[in-house]
Amino acid sequence: MTLRKRRIIIAFLSLTFFILAPALLLYTLGYRINSQFKFGRTGGLYIASPVTGAEILVENKKEKETNIFQSGLFLQNLAEGNYQVAVTKEGYWPWQKVLNVKEGLVVEARAFLIPQTPEGLVLLKGDFFSVWASPYDKILFLEENKPEGKEAIFYLPETNTFLTNTSATTTKLLTFAGGISEIFWENGSVVLKGWKTTIRATFDLNKGTVSASREPDVKITVNHKYQKFNSQNTERLWFDNKTNEVWVEWLKDKTLIPYYLCDIKSCESTNYLISSFKFPVKNVDFFPGRKDIIIASVQNNVFALEIDGRGGRIMQPIYKGKDPRFALFSSVKKVYVLDSGVLFAVNLE
């Protein structure tokens, strides 16, 4: 090979390198030419499923089936635009929505799946009309109609036992003529405010007892009838019993607000309206183990509802009855539903 040919080959290879190298670099950085022949960066999708054996679909195409080792799907090099995503499993209500992929960003979403026919277990039958749960101990507080008034009853669902009143005085103090208007839980006790009296009920779980005392000067800083906090105390959930609005407030630094509250927008506010209902809200709480899902009871339904409003908030039914209330513990994948005096546990898995 002559020197001239070698120089031509070297020059050609060098020119090819200088042409292709920037293109390859841009390609590895996620730049593409989209369907509109515009040059820009691609984005990605990450979809997580809470159950194994679920199918994750993007644009009606099955992309993955989850297992115990991989609970999510990550797709990259996606052109900017809207994508229809869905997570389905036989026996569960489907989760699906449209998510917008942005240039250079990965859009994250966590699905939730509720059994279509959840397992239920009857726990109690009586003249109960309300139920609330302690955020500290696995104690349910029920109000029961008695001839003397409305009595506060404390129940341990895990052992199917009641806490025993330590004396007749305790029983009298825990009976309210006009019902209970405010509830304030503390570790090991609860403060109950009636029309005329404020009572503290103190628990001894080792002995299985409850004692009561008057607390006329105690200040109730949070009414747990209307307000709940997630297990990390990063969000406050509450409902307005006059407007039937459900709100969530972010309690930490604004720079740490999660995607399901304000996505990629500038997060100026820390209060977010989740929903406004036509009928009165009876109770709201965070879905066990989740910060981005709530459970609510409205009219004759108990249902789960997303906080994430992108592509519309998904609602899935849990129970439909006559006039249900509910309570739950953040670490137990069950919801305790009270309807027509019957208390039963509904499995959420």
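Under my numbering, residue 335 is the last one in the sequence shown; the count climbs by one each step, no gaps. Idealized CB from N, CA, C, for every residue including glycine.
CB-CB length for residue i against residue j, believed under 8 Å
i	j	result
Leu149	Phe162	Their Cβ separation, rounded to whole angstroms, is 17 Å, which puts Leu149 and Phe162 out of contact at 8 Å.
Val232	Ser261	5 Å
Lys306	Asn286	6 Å
Ile125	Phe189	7 Å
Thr256	Trp236	4 Å
Trp171	Tyr122	6 Å
Gly336	Gln56	With the chain running from -13 to 335 in the structure shown, residue 336 is simply not present.
Straight-line gap, residue i to residue j (C-alpha atoms, nearest Å)
i	j	result
Asn333	Val208	29 Å
Gly165	Gly58	47 Å
Val71	Lys111	43 Å
Pro143	Thr28	51 Å
Thr75	Ile42	Here residue 75 turns out to be Lys, not Thr, going by the sequence shown. Computed Cα separation, rounded: 9 Å.
Gly194	Ile281	30 Å
Ala290	Lys277	12 Å
Leu128	Asn173	18 Å
Lys205	Lys132	28 Å
Arg186	Ala65	59 Å
Glu335	Glu254	36 Å
Gln102	Gln302	9 Å
Tyr322	Leu109	9 Å
Lys238	Tyr32	25 Å
Lys182	Ser35	49 Å
Ser197	Asn151	6 Å
Thr147	Leu191	11 Å
Glu292	Trp79	14 Å
Tyr69	Asn86	6 Å
Ser153	Leu324	28 Å
Val37	Thr52	8 Å
Phe60	Ala138	50 Å
Lys50	Phe263	36 Å
Gln82	Val73	6 Å
Ile300	Asp226	21 Å
Ser217	Val318	12 Å
With 16 other Cβ atoms within 10 Å as the buried cut-off, status of residue i
i	result
Glu105	exposed
Gly77	exposed
Pro202	exposed
Ser175	buried
Phe98	buried
Val288	buried
Glu45	exposed
Phe344	Since the displayed the chain opens at -13 and closes at 335, residue 344 lies outside it and no answer follows.
Val84	exposed
Ala54	For the record, residue 54 in the displayed sequence is Ile; it is not Ala. The residue in question, Ile54, is exposed, as its Cβ has fewer than 16 Cβ neighbours within 10 Å.
Lys136	buried
Leu12	The predicted position of Leu12 is uncertain, since its pLDDT is 43 and thus under 50; a value taken from the coordinates is nonetheless stated next. It counts as exposed.
Gly39	exposed
Glu221	buried
Thr145	exposed
Lys48	exposed
Lys158	exposed
Lys228	exposed
Leu160	buried
Leu107	exposed
Ser167	exposed
Ser283	buried
Thr155	exposed
Gly67	exposed
Boundaries (first-last residue) of the alpha helix (DSSP H) holding residue i
i	result
Ala154	Ala154 to Leu159
Limits of the beta strand (DSSP E) - the one that residue i falls within
i	result
Tyr245	Unbroken run through Tyr245 is the alpha helix (DSSP H), Tyr245 to Cys248; no beta strand (DSSP E).
Ile260	Asn257 to Ser262
Asp271	Val267 to Phe272
Arg200	Thr195 to Arg200
Ser175	Ser175 to Gly180
Ala72	Gly67 to Thr74
Lys47	Lys47 to Glu51
Ile287	In the sequence under discussion, the amino acid at residue 287 is Asn, which differs from the Ile named in the question. That run of the beta strand (DSSP E) goes Asn287 to Glu292.
Ala34	Gly29 to Ala34
Gly135	Gly135 to Leu142
Tyr305	Met301 to Lys306
* On the three-pair Cβ rule with 8 Å, is the stretch 291 to 305 touching the stretch 79 to 96? -> yes
* To do: Take every Cβ of the stretch 304 to 314, pair it with every Cβ of the stretch 114 to 133, and state whether three or more of those distances are shorter than 8 Å.
  => yes
* At a cut of 8 Å, does the stretch 265 to 274 reach the stretch 237 to 251 through at least three beta carbon pairs? -> no
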